[in-house]
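Enquirer: Input: one structure, supplied below.
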Amino acid sequence: MLFIAFVILAGAALPIQAAVNVRLRQLTSSNYSAAMISFLVGTLTLVLLTLSSEPIEPSNWHLLTSYPWWMWIGGFIGVIMILSTTYCLPKLGSALTFSLTLIGQMLMAVIIDHFGLLHMPVHEAFLPKIAGIFLIITGVFCIQYKKSAASKQKALG
Numbered sequence: 001m002l003f004i005a006f007v008i009l010a011g012a013a014l015p016i017q018a019a020v021n022v023r024l025r026q027l028t029s030s031n032y033s034a035a036m037i038s039f040l041v042g043t044l045t046l047v048l049l050t051l052s053s054e055p056i057e058p059s060n061w062h063l064l065t066s067y068p069w070w071m072w073i074g075g076f077i078g079v080i081m082i083l084s085t086t087y088c089l090p091k092l093g094s095a096l097t098f099s100l101t102l103i104g105q106m107l108m109a110v111i112i113d114h115f116g117l118l119h120m121p122v123h124e125a126f127l128p129k130i131a132g133i134f135l136i137i138t139g140v141f142c143i144q145y146k147k148s149a150a151s152k153q154k155a156l157g
């Protein structure tokens with residue numbers, strides 16, 4: 001239960017992070033500056049945590065060059081996530097932005113699980129799991145419909 005609560009809290013923090021980054025973008029007039037500030041604070045936090053808990057032994061640093069290429073893309077993906085939310089959240093709203101993000105996350109998570117990609121354990125896709133994703137997608141359409149209907153209502157006056 002502790003792990004579940006931790007992941008739910010981390011998920012709840014993402015829209016907060018996005019809203020903060022949108023405000024940073026407004027103040028700096030730049031998506032890139034906002035993302036850089038976010039990553040700079042995150043990097044400093046990780047440096048402090050690493051140095052205070054489990055620093056990489058200098059004798060093991062040479063191992064970094066032996067890692068597969070795809071192990072280096074996590075930070076790049078983080079940049080894409082921050083830039084997409086700082087750009088899209090003001091236009092789509094927080095609920096729709098993160099609903100669409102959730103669709104992408106769930107689809108990729110099922111693919112990774114089913115095929116054991118990136119050296120993850122295999123957790124086969126089965127009908128209830130696929131039905132759950134379909135329900136999430138249906139929910140996003142409901143969120144978008146409500147938004148579209150309200151916009152049309154305003155336009156009609």
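End of the sequence shown sits at 157 in full-length UniProt numbering; the numbers just go up one at a time, nothing left out. Every residue, glycine too, gets a C-beta built ideally from N, C-alpha and C. This structure is a prediction, so every number in the text was calculated from the model and none was measured.
1. Residues in its own chain within less than 7 Å of Ile82 by CB, not counting five upstream and five downstream?
2. Specify, as a first and last residue, the run of the alpha helix (DSSP H) that Val122 falls within.
3. If we count the other Cβ atoms within 10 Å of its Cβ and call it buried at 16 or more, is Ala18 buried or exposed?
4. Can you name, in chain order, every residue of its own chain whose Cβ lies under 8 Å from the Cβ of His123, other than the five neighbours on each side?
5. For Leu89, count the other beta carbons within 10 Å of its own beta carbon; 16 or more makes it buried, fewer makes it exposed. Which is it?
6. Quick one: measure Cβ to Cβ for Ser99 and Val140, integer angstroms, because I've assumed they're closer than 8 Å.
7. Run through DSSP, which three-state label would Ile73 get?
8. Please classify Thr43 as buried or exposed, where buried requires at least 16 other C-beta atoms within 10 Å of its C-beta.
Expert: Checking against the coordinates, here is how it stands:
1. These residues qualify, in order along the chain: Asn21, Ala35 and Ser38.
2. Taken as a continuous stretch (DSSP letters only), Val122 belongs to no alpha helix (DSSP H), as it is neither H nor E.
3. Buried: at least 16 other Cβ atoms inside 10 Å.
4. Excluding five sequence positions before and after His123, the CB atoms of its chain that fall closer than 8 Å to its own CB belong to Asp113 and His114, given in chain order.
5. Buried is the call here.
6. With 8 Å as the limit, Ser99 and Val140 qualify as a contact, their Cβ atoms being about 4 Å apart.
7. Of the three classes helix, strand and coil, the one that applies to Ile73 here is coil, per DSSP.
8. Looking at its Cβ environment, which holds fewer than 16 other Cβ atoms inside 10 Å, Thr43 is exposed.
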